[in-house]
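A short write-up of the structure that comes next.
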Amino acid sequence: MKTHLHALVTQALRQLHQEGLLPAIDTLVIPLERTRDRAHGDFASSIALSLARTARCKPRDLAERIRAALPASTHLARVEIAGPGFINFFLAPAAYHALVGEILAQGDAFGRSTIGAGQRVQVEFVSANPTGPLHVGHGRGAAFGATVANLLEAIGCQVQREYYVNDAGRQMNILAASVWLRYLEHCGERLPFPRNGYRGDYVRDIAKRLYAEHGGAYVAAAAEVMRNLPADEVRDASGERVIAGDKEAHIDALIERTRALLGEPRYRYIFELGLNTILDDIRDDLAEFGVRYQEWYSERGLAEQGAVNRVVNRLRDAGYVYEQDGALWFRSSAFGDEKDRVVQRENGQTTYFASDIAYHLEKFERGFERVIDVWGADHHGYVPRVKAALQALGADPTRLDVLLVQFAILYRNGERAQMSTRSGEFVTLRELRQEVGNDAARFFYVLRKSEQHLDFDLDLAKSQSKDNPVYYIQYAHARVCSVLRQCHDKGITYDRARGQAHLGLLVEPHEDALLVALARYAETVETAALNHEPHLLAHYLRDLANAFHTYYNEHRVLVDDPALRDARLSLSLATRQVIRNGLGLLGVSAPESM
RNA sequence: GCGCCCGUAGCUCAGUUGGAUAGAGCGUUGGCCUCCGGAGCCAAAGGUCGUGAGUUCGAGUCUCGCCGGGCGCGCCA
Numbered sequence: 081m082k083t084h085l086h087a088l089v090t091q092a093l094r095q096l097h098q099e100g101l102l103p104a105i106d107t108l109v110i111p112l113e114r115t116r117d118r119a120h121g122d123f124a125s126s127i128a129l130s131l132a133r134t135a136r137c138k139p140r141d142l143a144e145r146i147r148a149a150l151p152a153s154t155h156l157a158r159v160e161i162a163g164p165g166f167i168n169f170f171l172a173p174a175a176y177h178a179l180v181g182e183i184l185a186q187g188d189a190f191g192r193s194t195i196g197a198g199q200r201v202q203v204e205f206v207s208a209n210p211t212g213p214l215h216v217g218h219g220r221g222a223a224f225g226a227t228v229a230n231l232l233e234a235i236g237c238q239v240q241r242e243y244y245v246n247d248a249g250r251q252m253n254i255l256a257a258s259v260w261l262r263y264l265e266h267c268g269e270r271l272p273f274p275r276n277g278y279r280g281d282y283v284r285d286i287a288k289r290l291y292a293e294h295g296g297a298y299v300a301a302a303a304e305v306m307r308n309l310p311a312d313e314v315r316d317a318s319g320e321r322v323i324a325g326d327k328e329a330h331i332d333a334l335i336e337r338t339r340a341l342l343g344e345p346r347y348r349y350i351f352e353l354g355l356n357t358i359l360d361d362i363r364d365d366l367a368e369f370g371v372r373y374q375e376w377y378s379e380r381g382l383a384e385q386g387a388v389n390r391v392v393n394r395l396r397d398a399g400y401v402y403e404q405d406g407a408l409w410f411r412s413s414a415f416g417d418e419k420d421r422v423v424q425r426e427n428g429q430t431t432y433f434a435s436d437i438a439y440h441l442e443k444f445e446r447g448f449e450r451v452i453d454v455w456g457a458d459h460h461g462y463v464p465r466v467k468a469a470l471q472a473l474g475a476d477p478t479r480l481d482v483l484l485v486q487f488a489i490l491y492r493n494g495e496r497a498q499m500s501t502r503s504g505e506f507v508t509l510r511e512l513r514q515e516v517g518n519d520a521a522r523f524f525y526v527l528r529k530s531e532q533h534l535d536f537d538l539d540l541a542k543s544q545s546k547d548n549p550v551y552y553i554q555y556a557h558a559r560v561c562s563v564l565r566q567c568h569d570k571g572i573t574y575d576r577a578r579g580q581a582h583l584g585l586l587v588e589p590h591e592d593a594l595l596v597a598l599a600r601y602a603e604t605v606e607t608a609a610l611n612h613e614p615h616l617l618a619h620y621l622r623d624l625a626n627a628f629h630t631y632y633n634e635h636r637v638l639v640d641d642p643a644l645r646d647a648r649l650s651l652s653l654a655t656r657q658v659i660r661n662g663l664g665l666l667g668v669s670a671p672e673s674m
């Protein structure tokens with residue numbers, strides 16, 4: 081509908097250009113938007129206001145000229161000039177009646193479009209280190225990223241959802257050492273747990289499994305393990321530091337000791353056990369949350385292919401790498417970053433940043449035209465250096481969009497929920513899902529703009545009342561289903577063709593409002609997708625549900641007159657379809673009864 | 001200190017990329033079921049859009065300066 085009007089205005093402007101009133105309009109962006117106020121019609125354009133100066137003409141006069149030049153259209157009832165020079169378009173009722181037919185005919189496909197034109201887009205999201213279960217912060221990234229991906233797919237993009245698995249690097253070694261130490265404890269060895277180790281209960285679970293499957297085959301004496309290690313940092317229960325050791329040096333030495341005492345094959349086994357156990361858990365967690373990936377991309381694979389070293393060499397060959405203090409630095413400051421960054425440490429190990437450069441370069445080499453990264457907002461300082469590296473390597477950094485997601489703060493009984501139970505761990509995503517359900521979690525996570533802090537009200541998410549927007553929307557869907565059941569019980573048959581033929585009987589203001597709401601769906605999906613703003617869809621669905629509930633409360637659907645009844649049923653069914661489609665994009669179910 | 005994000009109704013937030021009289025939900029107050037699901041609907045009250053300037057036909061939206069809040073500034077990931 082909007083594109084149709086857009087074409088009409090374009091044609092009118094072209095004609096005025098030929099008449100010499102206006103300059104060329106090829107590069108012109110024609111503003112055309114839904115009106116806030118129904119008295120201003122369906123769509124309004126401020127084009128005359130912005131062109132008045134170059135046309136050397138009063139805005140209202142120019143608007144009048146444009147109106148006169150508009151081609152005739154059966155979709156338009158009338159066009160008015162209002163205010164300082166707005167052109168207001170009033171759609172013909174037939175345009176809305178056609179919409180109802182389209183919704184019912186297209187079904188689940190309604191609202192999809194082709195403006196993405198098959199563009200290959202990758203959305204990488206969550207990508208949490210496999211060193212522990214996902215927490216509620218990751219949950220927001222998961223819901224947000226999955227919805228952005230769904231939206232892009234809905235506008236015709238070819239979307240690949242990817243999880244980058246950080247299965248290489250120091251953190252994974254710390255996990256392996258942590259598992260082993262817990263295993264030794266389980267076997268009766270007494271030794272202090274390192275300050276920088278992973279303390280979660282899940283580490284003990286993995287250790288127990290190791291013992292259950294292999295008994296004492298991995299045991300070493302505590303004295304051997306601890307011999308001559310640099311001191312750890314130790315704090316007492318109140319957090320007061322009692323030994324000022326170097327916790328980093330301690331854990332690194334502990335990792336080396338672990339490898340030495342176990343030997344590489346046995347070390348590798350524990351490493352893999354920890355990684356696979358946790359990664360499986362993350363996969364299950366996300367799958368249960370309705371989040372699926374086409375690709376789980378391994379950082380280790382990248383390193384094993386030599387991609388990381390290759391990219392460092394490429395940067396060096398291009399003259400953007402220099403050596404200082406024994407390390408290799410990438411001159412990212414030459415590309416807008418605040419300072420230069422280390423890509424290879426003094427000890428010869430490449431940094432996480434080096435892996436990330438290789439990874440992002442490889443994304444482009446895989447042929448994606450657009451690459452979207454969803455990151456926690458605390459990583460925002462990282463954006464310039466990644467873009468700098470891409471630019472240095474001759475890739476176009478504007479093809480990479482980094483979407484930053486702020487933290488979610490849980491509230492219970494109006495108070496900030498405790499983030500930590502015993503070990504400083506965040507509440508897990510799984511715990512949240514079990515408490516409020518997947519539907520509420522998916523919906524609440526995308527209710528706010530991603531760069532906005534999210535106050536997640538656990539009580540509201542659980543409540544089954546109109547206060548809870550998820551239930552409110554789902555209830556509208558269930559209500560239509562209920563009406564259909566009523567039809568069945570009363571022996572009423574619904575005739576879609578008869579309904580379509582009599583949509584002209586829908587003359588109530590509430591029906592008009594509902595039709596307008598339905599018409600906004602495709603526009604909302606498009607805007608939400610292009611701007612990566614799922615919250616627009618969430619808010620839209622609430623508005624749509626409200627328009628339906630209002631209508632339903634005021635007027636009976638199952639009236640005696642078959643023509644009016646079928647027209648109203650068609651409207652109701654179209655509403656149900658749009659709600660179902662919209663909730664589907666959000667990953668929320670549309671129940672038939674509640 | 002420097003960089004990024006955020007300040008809109010008592011609370012939580014929208015605001016169609018610069019448009020017409022700034023909107024929802026919650027909360028408060030008052031109404032609506034002989035009727036398809038009251039898990040719903042309607043109405044009232046509530047605002048110097050943090051603040052001061054600037055840009056122009058027009059600013060909650062863009063620019064700059066302040067004030068207040070969050071995050072980031074490792075040879076960590």
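Position one of the first sequence corresponds to residue 81 (the numbering used here), numbered consecutively onward. Cβ atoms here follow ideal geometry from the backbone N, Cα and C, with glycine treated the same way.
Residue i, enclosing alpha helix (DSSP H) - first and last residue
| i | result |
| --- | --- |
| I183 | 173–186 |
| S652 | 642–666 |
| A457 | Run containing A457: none; DSSP gives neither H nor E here. |
| V587 | First-last for V587: undefined, no H or E at that position. |
| E515 | 509–516 |
Residue i - partner residues in DSSP beta bridges
| i | result |
| --- | --- |
| S543 | According to DSSP, S543 bridges with nothing at all. |
| A104 | DSSP lists no partner for A104. |
| D481 | I452 |
| A124 | E113, N168 |
| A407 | Q404 |
| T430 | Q424 |
| A488 | L534 |
| V314 | I323 |
Secondary structure of residue i, DSSP reduced to three states
| i | result |
| --- | --- |
| S207 | coil |
| G504 | At G504, the pLDDT of 45 sits below 50, so the modelled position is not reliable; the number obtained from the coordinates is stated separately. Three-state DSSP puts G504 in coil, outside helix and strand. |
| Y244 | strand |
| T607 | helix |
| L395 | helix |
| E113 | strand |
| Q199 | coil |
| N493 | coil |
| D285 | helix |
| E160 | strand |
| L96 | helix |
| R622 | helix |
| Q238 | strand |
| H266 | helix |
| R275 | coil |
| H215 | strand |
| G225 | helix |
| V299 | coil |
| C567 | helix |
| A152 | coil |
| D36 | The displayed coordinates of the chain run from 81 to 674. Any statement about residue 36 would go beyond what the structure contains. |
Integer-rounded CB distance, given that residue j should sit under 8 Å from residue i
| i | j | result |
| --- | --- | --- |
| K542 | A520 | 7 Å |
| V228 | I452 | 7 Å |
| H615 | R522 | Not confirmed; about 13 Å, so no contact. |
| D247 | P210 | 6 Å |
| A654 | L184 | 6 Å |
| F448 | V109 | That belief does not hold up - the Cβ atoms of F448 and V109 are roughly 27 Å apart, past 8 Å. |
| I659 | L621 | 6 Å |
| T357 | I286 | 5 Å |
| L334 | L309 | 6 Å |
| A438 | V388 | 5 Å |
| D365 | R510 | 6 Å |
The beta strand (DSSP E) enclosing residue i, as first and last residue numbers
| i | result |
| --- | --- |
| Y377 | 375–378 |
| D537 | 534–537 |
| I323 | 321–324 |
Between the segment 156–172 and the segment 120–140, do three or more beta carbon pairs fall short of 8 Å?
Counting Cβ pairs under 8 Å, three or more are found: they touch.
If you pair each beta-carbon of the segment 412–425 with each one of the segment 456–470, do three or more pairs fall below 8 Å?
yes
Between the segment 173–193 and the segment 321–335, are three or more C-beta pairs nearer than 8 Å?
Short answer: they don't touch.
Any contact between the segment 264–276 and the segment 347–365? By contact I mean 3 or more CB pairs, one from each, below 8 Å.
no
Can you find at least 3 beta carbon pairs, one from the segment 427–441 and one from the segment 490–497, that sit closer than 8 Å?
By the C-beta criterion, the segment 427–441 is judged not to be in contact with the segment 490–497, since fewer than 3 inter-stretch pairs fall below 8 Å.
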